[in-house]
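Asker:
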Amino acid sequence: MFLLFVPIISNGQTEEKQVNKLIINADMGKHKISRHIYGHFAEHLGRCIYGGIWVGIDSPIPNTRGIRNDVVQALRELDIPNLRWPGGCFADTYHWKDGVGPYNDRPSIVNVHWGGVTEDNSFGTHEFMELCEQLDCEVYITGNLGSGTVQEMAEWVEYLTSDAESPMTKLRKENGHKAPWQVKFWGIGNENWGCGGNMSPEYYADLMRRYSTYCRDFSGNKLIKIGGGPYGADYNWTEVLMKEPKNRGMMQGLSLHYYTVFKDWGNKGSATQFTEEEWFGTIKTTLKMEELISGHSTIMDKYDQEKRIGLYVDEWGNWFDVEPGTEPGFLYQQNSLRDAIVAAVNLNIFNQYCERVKMANIAQTVNVLQAMVLTRKQKMVLTPSYYVFKMYKVHQNAILLPSEIKCEEYQLGEEKVPALSVSASVNKDGIIHISVVNVNPNKNMRLECEIRGAKISSVSGEILTAKEINAFNDFDRNERVFPVKFSGAKLKGEKMIIDVPAKSVMMLELN
Ligand code: AHR
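Each residue of the sequence shown is one higher than the last, beginning at 182 in the numbering used here.
Encoded structure:
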């Protein structure tokens, strides 16, 4: 139960007043919030890569070796820790050799999953590695297990990371890159229960071990291999992958995908034209993430008490109907204050489970689903979700502080969810950050906060909110959703009182 009642006397009458209370144990932090929880995902899907990231070297849009400067600059401000590529479902149809070598020799193929459009392979391995260099982030490549061969995957790893004399390294050098690259994360297929081959978990586990065996560590590069995991509450998939020591020995991570789809897949609702009922439904659906992480973690704990294998939530976010008039296969959606709330709530959940959750990748970086940035020709818009990632970057690699919250519920009709979501961390300089989300669009909340085990002398903060629940940023007009300074948190003796406005995300800094 989330309610705490204290009796107060007013006009001789006793009435019950709800108190929202947060306790933070500032001297009890043990676990690091991996910065990779703040990871991203870019697939060959719609205008994510083509137009959103890659415009080609001859484009009038300012670019560096074909990659948009504005997008790179915006993403660098998020300190993006890793980028997952080339899919998604696309990954299990992707043959990497199509995307290396002189542009004119690269074959055009059909992108069968996403709109059936022509994929000319102008953005391939070298271009992706260049992108990661420009972003200064770690590389996360998902190999093709669904329709590619073991040899093909093994050769890709060798092409990328080996320094030895071999046909693959010779090819890389001929294609203009003498030195091997560093590749940190390697996915062994994607959604292999579905678009990645419609496999049973047992069959996938056999293939995963086989492919993983041949993805070798070359020349000092050490791959963190991520087994393709379940969708949502498919706990049996996790059980099968985790139960056998021989499976566990072949992966350092297991992925989990879960999208926030309110209503149903055939009618997901508009990203910007929605009612309070849809707002509530989206929040309720997204909060299921906690139950899923807890459920999969319990299974993982059974077989891996040392928590050697991380849970990699490498696809998550809101999935709404595409914007009217856009290609259905391109998954282009706008992004409103509701997306910001969803992003913040999920990041708080990942932080809380950071002992097991080692990575998360919101889907997807540019122009697809819950994007950070939207582009239209030479123009770019920063979304409310972008600003949440910017505010939250202070949690990256900080130590999670155990916290306990008792709060009111946000009720609509018969249904209720906790109104507040919180997480707290302390960074290497001893600065405490607290992220607070109020999912109730109608009610400001007062939150009493007790920080145990630390002496606090000042508090400052930033807040993201807007007048309308569906406020969003768009091309050709001033921004409507962006963070501003917040001065509603006050120190009072040993306590801190925070006046949390309705439908807001805030980040507080305590010194
Ligand atoms: O992100 C869009 C798609 O969603 C991905 O390609 C796939 O992995 C998932 O089903």
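Here a beta-carbon is modelled for each residue, glycine too, at the ideal position from N, C-alpha and C.
(1) Output the residue ranges of the beta strand (DSSP E) runs that lie fully inside the region 436-464 and measure 3 residues or longer, sorted by chain position.
(2) Would you call Phe-443 buried or exposed, if buried means 16 or more other Cβ atoms sit within 10 Å of its Cβ?
(3) Where does Phe-667 sit, in a helix, a strand or coil, going by DSSP?
(4) Give the C-beta separation of Val-662 and Ala-521 to the nearest angstrom, bearing in mind that I take them to be a contact with Cβ-Cβ under 8 Å.
(5) Grouping DSSP H, G and I as helix and E and B as strand, with all else coil, what is Thr-323?
(6) Pull up the DSSP beta-bridge partners for Gln-592, would you.
(7) Buried or exposed for Met-209, please, with buried defined as at least 16 other CB atoms from any protein chain shown within 10 angstroms of its CB.
(8) For ligand 1, I want to know if His-276 counts as a neighbour, meaning its beta carbon is within less than 7 Å of at least one of the ligand's heavy atoms.
(9) What is the DSSP secondary structure of Leu-404, counted as helix, strand or coil?
(10) Helix, strand or coil, according to DSSP, for Thr-556 in the structure here?
(11) Taking its Cβ as the centre, do 16 or more other Cβ atoms sit within 10 Å of Val-562, making it buried, or is it exposed?
(12) Three Cβ pairs or more, each shorter than 8 Å: is that satisfied between the region 284-299 and the region 325-340?
(13) At what residues does the beta strand (DSSP E) containing His-221 begin and finish?
(14) What do you get for Tyr-591, buried or exposed, if any count of 16 or more other CB atoms within 10 angstroms of its CB means buried?
(15) If we ignore side chains and look at the alpha-carbon of each, how far apart do Arg-519 and Ile-261 end up?
(16) In three-state DSSP terms, what is Gly-280?
(17) Expressed to the nearest angstrom, what Euclidean distance is found between the alpha-carbon atoms of Phe-222 and Gln-577?
(18) So, Asp-273 versus Ser-343, is the Cβ gap smaller than 8 Å?
(19) Check each candidate in Phe-271, Asn-302, Pro-267 and Tyr-275 and name the one with the smallest Cα separation from Val-281.
(20) Given this structure, state the Cα-to-Cα distance separating Lys-359 from Gly-476, to the nearest angstrom.
(21) Where does Asn-192 land, buried or exposed, given buried means 16+ other C-beta within 10 angstroms?
(22) Helix, strand or coil for Glu-487, going by three-state DSSP, please let me know.
(23) Taking only the alpha-carbon atoms, compute the straight-line gap between Glu-197 and Glu-589 and give it to the nearest angstrom.
(24) Please confirm whether any heavy atom of ligand 1 lies closer than 7 Å to the CB of Gly-269.
(25) Is the separation between the beta-carbon of Val-620 and that of Leu-672 shorter than 8 Å?
(26) DSSP puts Phe-653 in a beta bridge; with which residues?
(27) Is DSSP giving Asp-366 helix, strand or coil here?
(28) Terminal residues of the continuous beta strand (DSSP E) containing Trp-266?
(29) Among the residues of its own chain, which have a CB less than 7 Å from the CB of Trp-500, if the five just before and after it don't count?
(30) Can you tell me which of Lys-648, Pro-361 and Glu-690 puts its alpha carbon nearest to the alpha carbon of Ser-668?
(31) So Ser-478 and Tyr-534 are in contact, right, with Cβ under 8 Å, and what is the actual spacing, rounded?
(32) Considering only their Cβ atoms, is the gap separating His-307 from Gly-237 smaller than 8 Å?
(33) For Leu-645 versus Ser-685, is the C-beta spacing smaller than 8 Å?
(34) Would Glu-496 be called buried (16 or more neighbouring beta carbons within 10 Å of its own) or exposed?
(35) Report yes or no: do three or more beta-carbon pairs, one from the region 234-253 and one from the region 608-615, lie closer than 8 Å?
(36) Roughly how many angstroms separate the alpha carbons of Leu-404 and Gln-254, rounded to a whole number?
Answerer: On the basis of the data shown:
(1) Here no run is fully enclosed.
(2) buried
(3) strand
(4) 7 Å
(5) Three-state DSSP puts Thr-323 in a strand.
(6) Lys-597
(7) exposed
(8) Within 7 Å of the C-beta of His-276 there is not a single heavy atom belonging to ligand 1.
(9) DSSP places Leu-404 in the coil class of the three-state scheme, outside both helix and strand.
(10) strand
(11) buried
(12) no
(13) 220-222
(14) The residue is buried, with at least 16 neighbouring Cβ atoms inside 10 Å.
(15) 22 Å
(16) helix
(17) 17 Å
(18) Going by C-beta atoms, Asp-273 is not nearer than 8 Å to Ser-343.
(19) Out of Phe-271, Asn-302, Pro-267 and Tyr-275, Asn-302 has the C-alpha closest to the C-alpha of Val-281.
(20) 46 Å
(21) Residue placement at Asn-192 cannot be trusted, given a pLDDT of 41 that sits under 50; what the coordinates show is reported in the next sentence. It counts as exposed.
(22) coil
(23) With a pLDDT of only 43 at Glu-197, under the threshold of 50, the placement of this residue in the model should not be trusted; the figure read from the coordinates follows. Roughly 13 Å between the two C-alpha positions.
(24) yes
(25) No Cβ-Cβ contact shorter than 8 Å links Val-620 with Leu-672.
(26) Ser-517
(27) Before going further, note that residue 366 is Phe rather than Asp in the sequence given. Note: Phe-366 maps to strand in three-state DSSP.
(28) 263-266
(29) Tyr-440, Thr-441, Val-442, Lys-449 and Leu-550
(30) Glu-690
(31) Right, their Cβ atoms sit about 6 Å apart.
(32) no
(33) yes
(34) Buried is the call here.
(35) no
(36) 28 Å
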